[in-house]
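Chemist:
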Amino acid sequence: MSELILHHYPTSLFAEKARLMLGFKGLSWRSVNIPSIMPKPDLMPLTGGYRKTPVLQVGADIYCDTALIARR
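Each step along the sequence shown adds one to the number in the working numbering, with nothing skipped, and position 19 is 9.
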């Protein structure tokens, strides 16, 4: 399985939900902290301009919605 990388910022409630779900499922993941406001130069090329967080990267796949991350 590919490494799980969560792009988020610590004060985001949506990111908190994603972190809790990853922990609940017992998955190991890596954290990449991003700015809470624009610009987000590291995230923009990855998401193609999608601006919301969190974003879960699984290999070449990108999940840009908290509900999708929870289902992953």
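Every residue, glycine too, gets a C-beta built ideally from N, C-alpha and C.
Pull up the DSSP beta-bridge partners for D51, would you.
Modeler: Counting from one through the sequence shown, the residue named residue 51 turns up at place 61. Partner(s): V48.
Chemist: According to DSSP, is I24 helix, strand or coil?
Modeler: For the purposes of this step, residue 24 is identified with residue 34 of the sequence shown, where counting begins at 1. Note: I24 maps to coil in three-state DSSP.
Chemist: In terms of residues, what are the limits of the beta strand (DSSP E) holding L(-4)?
Modeler: In the sequence shown, counting from the first residue as 1, residue -4 sits at position 6. Element bounds for L(-4): -6 to -2.
Chemist: Is the distance from the Cβ of L12 to the Cβ of L36 below 8 angstroms?
Modeler: Here the question's residue 12 lines up with position 22 in the sequence shown. Here the question's residue 36 lines up with position 46 in the sequence shown. Contact: no.
Chemist: At the level of alpha carbons, what is the spacing between I53 and V45?
Modeler: As a working note, residue 53 is residue 63 in the sequence shown. As a working note, residue 45 is residue 55 in the sequence shown. Per the sequence presented here, residue 53 reads as Tyr, with Ile not at that position. About 6 angstroms.
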